[in-house]
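This report concerns only the one structure given below.
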Amino acid sequence: MKLIITGLLLLVNIAVFAQTGTIIGTVTTSDDQPAEFVNVGLKGTSKGAITDKKGTYQIKNVEAGSYTVTVAVIGLEPEEKTIDVRANATVTVDISLTESSKRLSEVVVTSDMNRYNNKNTSEGLRLTTPIQELPQNIQVVSSSMLKDQQVISMSDGLVRNVSGLVRNEHWGDMYANISARGAQIQAFRNGFNVVNSYWGPLTEDMSFVENIEFVKGPAGFMLSSGDPAGLYNVVTKKPTGLNKGEVNFTVGSFDLFRGSLDVDGKLSKNGRLLYRVNVAAQNKGSFRANEYNNRYSIAPVISYQLDEKTKLTLEYNYQRADMSNVGSYYVFAANGYATLPYDFTMMPAGIPGTKINDHSIYANLTHNFNDKWKITGQVARFIYNQEGSSAWPNTVFADGSMIRNIGIWDARSNMMMAQVFVNGEVETGSIRHRILGGLDMANKKYLADWSTGFDLDDSANRFVPGVSDVNSVIGYPNHLFDSLRNALPLEQRAYGGYGFQTQSYTSLYLQDELAFFGNKARLTLAGRYTDLRQAYAGPDDKAKHFTPRVGLSVSVDKSTSVYALYDQAFVPQTGVMTSGAQVQPITGNNMEAGIKKQWFGGRWNTGLSVYRILKNNELIADPNQAPTSGLSIELGQKVSQGVEFDLKGTLARGLSLIANYAYTDSRVLKVAEGVTALKEGDVVPGFARHTANAWLVYRIQSGALKGFGIQGGASYLGDRQTYWEASPDPSQKIKDFVKVDAGLSWENDKFKVTANVFNLLNEYLYSGSYYSYSGAYYWQADPPRNFRLSVGYSF
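In our numbering, each residue carries its 1-based index in the sequence shown increased by 25.
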């Protein structure tokens, strides 16, 4: 770690400040009207600007030399001019487009409405190749999607935007727990693996999120380890260099009141020192009694352009969550799923809630050696503190009565991570090489105490769902948990049970993307070496492993590419085996193939992929133990395979569509010795065989109703498999999931109003599983029909 920080400081010290000039100008249309929202850039560099309402632009701090100025509008051919820039001088470059203002307006409007279709990934994914040319299924959920759908948290329905994603057993809004391709995918934030335990990380508030990238399949290029099923990377908002801001207010069902503010601008006249601040506050109730979820967040970011080639970015994210007992979302019954009203709760009033403080600190330094080679170094620290409790029944009797229990759940996580990676290009003859190489290091520690609890009922006074008064308890010793906290620090309580886990690793990665035949074919050769040390309630487990990666992408034409990928998996696991055996890392391989196509000049695109993931040694929770026991069993060998289809973009002027479908199958190929809960050929719990989603937006582009829009969507999950284990009664299955949403909107240059109705058909929606330890079914219901109204003002 010290070596990485020293290297970052050295980069700052060796940076050379160059003498620079400025480029200014005006872009006009063929009928001599100012061209607004046009991209003006310097070819081969990252320098550029966007024209304002007067068609003017300014590009500062340009090193002396010869450049090609490029003016680009999506849907039109770019126009170029060659210029010379001298030190300490200003050069004026005016450009007249060949299109009329009317035609340009149509194109710009189409471009603006094409906000669902991202062409590139963020810097956090380290890849400089456009998504279209990558041998991988990568989908980006843009900030425009989040706003149109009124998504306010990672747990708030955004999975509809990507094929095959489902959420299982997510404990409300505590953590996302997103699954794809038959397994839980890893959570990343700004390129860092932020998984601190099975129950983390805390869901991100969308106020400080720019977009979310979903990487299907193995992702060795991310340097840190992860499941071959994939990962999602939350990209936070950064300064743009524009002086702007936005304030939003949202109200909705179940006493939802929310406000957020986004301010972006310059702290210095020369534009080298930039800032961005996002704040949000939320009060939110529930359709269930005695349940709430209040959130607060602040996310300041500062970036400083040390010179033309070097930039330093410092960022801090703070989230505070005050929520009800995290087990209050679940309902238990002995006779099947959804046998009680959707708003039924087992949680009495007066039970203290859970408080979470989540801190994320980042420092990122980038240095461009030239227009082809770049080095990035970044460090991050993640601190998580939780104090609360969890509800779970002690006993569920055959007649459906039960003894409720409240258990302590305090937790603390501390993660320190550092990364250095280099991107570059070099040519050997007619072959172009895109090089990615890097070092990734992390040290993670998680402590938790769930060892103490008390019953709310007893055998003589059982709780009978639907009959007993939910607030009737035999006694609640409020002082019990506080006395325990005061008597013993969390470290001692955690080490006294199964409540601690640590992980540290160093990973080296090298990738070469070789482009042949003028970039018509791209061969990716890569390898990752990982040195891992981890522990879970016991001595350290150590492992070292090398995993290769081979990918091929071929451009059939300018808009179509086909690809194939092979990757070997090495995924560290933490856990305590019920048998006491040592935990082994997951090993296996992934094979994937697909086709990507852009339609009508890139206004919308489609992707079709097929995959087969083979995994060995994967741990699953022991179904014969309590969920909070922390005990696991080794499954043996598992195969996940399926087909995925995604469509995204603008079909016609003002009409945008997101649609996707996935078929998933996950089964046991081999069973490890001693495993009796599953047998060869059994379906592995935790997925939906069929998932389908659609979201359609139409916005009027002209006339008196310009800016008005109508939107709606639907989600379908068919042949759902339980998350924990299958029911012993074949007739008891989780029903198919059908959800329909619809809304209206209006926007202009300053204001945006959005209103949506969710679960329009008022269906009883839920997810759940059978739980043999209690001999009961449990489920978590989704909200019934509800609405949200948002008003935003941009300045």
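Cβ atoms here follow ideal geometry from the backbone N, Cα and C, with glycine treated the same way.
Are residue i and residue j touching if we call contact CB-CB under 8 angstroms?
i              : j             : result
lysine 397     : glycine 449   : yes
isoleucine 638 : serine 681    : no
isoleucine 735 : threonine 747 : no
serine 526     : tyrosine 471  : For clarity, residue 526 is glutamine in the given sequence; the question names serine instead. Yes, they are a contact pair.
isoleucine 163 : valine 240    : yes
alanine 314    : tyrosine 257  : no
valine 492     : proline 373   : no
isoleucine 433 : threonine 379 : no
glutamate 750  : tyrosine 795  : yes
threonine 115  : threonine 47  : yes
glycine 207    : serine 634    : no
proline 809    : tyrosine 341  : no
isoleucine 431 : aspartate 537 : no
aspartate 474  : aspartate 435 : yes
Whole angstroms are fine: how far does the CA of residue j sit from the CA of residue i?
i              : j                 : result
valine 4       : arginine 457      : Only positions 26 to 820 of the chain appear in the structure, and residue 4 is not among them; the question remains open.
leucine 281    : leucine 814       : 10 angstroms
aspartate 57   : tyrosine 554      : 59 angstroms
leucine 152    : asparagine 419    : 50 angstroms
serine 167     : asparagine 215    : 15 angstroms
alanine 60     : threonine 612     : 55 angstroms
serine 136     : aspartate 109     : Residue placement at serine 136 is flagged as unreliable, the pLDDT there being 46, under the threshold of 50; a coordinate-derived value is accordingly withheld.
serine 438     : alanine 646       : 21 angstroms
valine 421     : asparagine 811    : 32 angstroms
methionine 138 : isoleucine 323    : Bear in mind that the predicted position of methionine 138 carries a pLDDT of just 45, short of 50, making it too unreliable to give a figure here.
methionine 441 : arginine 345      : 20 angstroms
valine 220     : leucine 644       : 16 angstroms
valine 816     : tyrosine 300      : 25 angstroms
glycine 266    : valine 587        : 37 angstroms
valine 304     : phenylalanine 233 : 8 angstroms
isoleucine 20  : isoleucine 408    : Here the chain comprises residues numbered 26 to 820, so residue 20 is not present and cannot be evaluated.
methionine 616 : leucine 548       : 15 angstroms
glycine 425    : valine 489        : 7 angstroms
alanine 606    : alanine 568       : 16 angstroms
aspartate 465  : alanine 443       : 6 angstroms
glycine 462    : phenylalanine 541 : 21 angstroms
histidine 504  : arginine 406      : 34 angstroms
valine 37      : serine 147        : Because the pLDDT of valine 37 is 40, which lies under 50, any placement of that residue in the model is unreliable, and the number read from its coordinates should be weighed accordingly. Going by the C-alpha atoms only, they are around 23 angstroms apart.
aspartate 119  : lysine 545        : 35 angstroms
valine 722     : aspartate 671     : 17 angstroms
lysine 663     : histidine 570     : 21 angstroms
Per DSSP, what are the beta-bridge partners of residue i in this structure?
i                 : result
valine 421        : Met427
tyrosine 795      : Tyr802
phenylalanine 670 : Leu633, Tyr686
isoleucine 381    : Ala346, Gln411
aspartate 289     : Lys269, Arg301
glutamine 526     : Tyr471, Tyr561
proline 325       : Val302
glutamine 757     : Answer is none; glutamine 757 lacks a bridge partner.
tryptophan 624    : Trp629
isoleucine 237    : Val166, Val259
isoleucine 386    : Tyr341, Arg406
Got a sec? Which residues, its chain only, sit under 7 angstroms from residue i by beta carbon, not counting five neighbours each side?
i             : result
alanine 560   : Gln526, Thr527, Asp566
isoleucine 39 : Residue placement at isoleucine 39 is flagged as unreliable, the pLDDT there being 37, under the threshold of 50; the coordinate-derived value follows with that caveat. There are no such residues.
alanine 697   : Glu659, Leu660, Gly661
alanine 423   : Ala359
valine 184    : Leu190, Val191, Arg192, Ile203
alanine 788   : Sequence check: residue 788 is glutamate here, not alanine. The residues are Val763, Lys764.
For residue i, which residues from the same chain have a beta carbon less than 6 angstroms from its beta carbon, with the 5 sequence-adjacent residues on both sides left out?
i              : result
glutamate 105  : Thr93, Thr95
alanine 713    : Val191, Leu742, Arg745
alanine 719    : Ala684, Gly738, Ala739
asparagine 318 : Asp198, Lys309, Met348
leucine 557    : Tyr530, Ala568, Pro597
glutamine 757  : Gly361
threonine 401  : Thr391, Phe446
asparagine 410 : Asn382, Arg437
Which residues in the same chain have their Cβ closer than 8 angstroms to the Cβ of residue i, if we skip the five residues on either side of it in sequence?
i             : result
aspartate 774 : Ser819
Does the beta carbon of residue i sit closer than 8 angstroms to a beta carbon anywhere in chain D?
i              : result
methionine 616 : No chain D appears in this structure, which consists of one protein chain only.
With a floor of 4 residues, list each alpha helix (DSSP H) that falls wholly inside the segment 56-129, ordered by position along the chain. none
Residue ranges of each beta strand (DSSP E) within the segment 422-485, 3 or longer: 427-433, 435-453, 456-474, 478-480
Which runs of the alpha helix (DSSP H) fall wholly inside the segment 154-229 and span at least 4 residues, in chain order? 168-173
Report the start-end ranges of each beta strand (DSSP E) in the segment 719-784 that is 3 residues or longer and not cut off at the edges. 733-745, 762-772, 776-783
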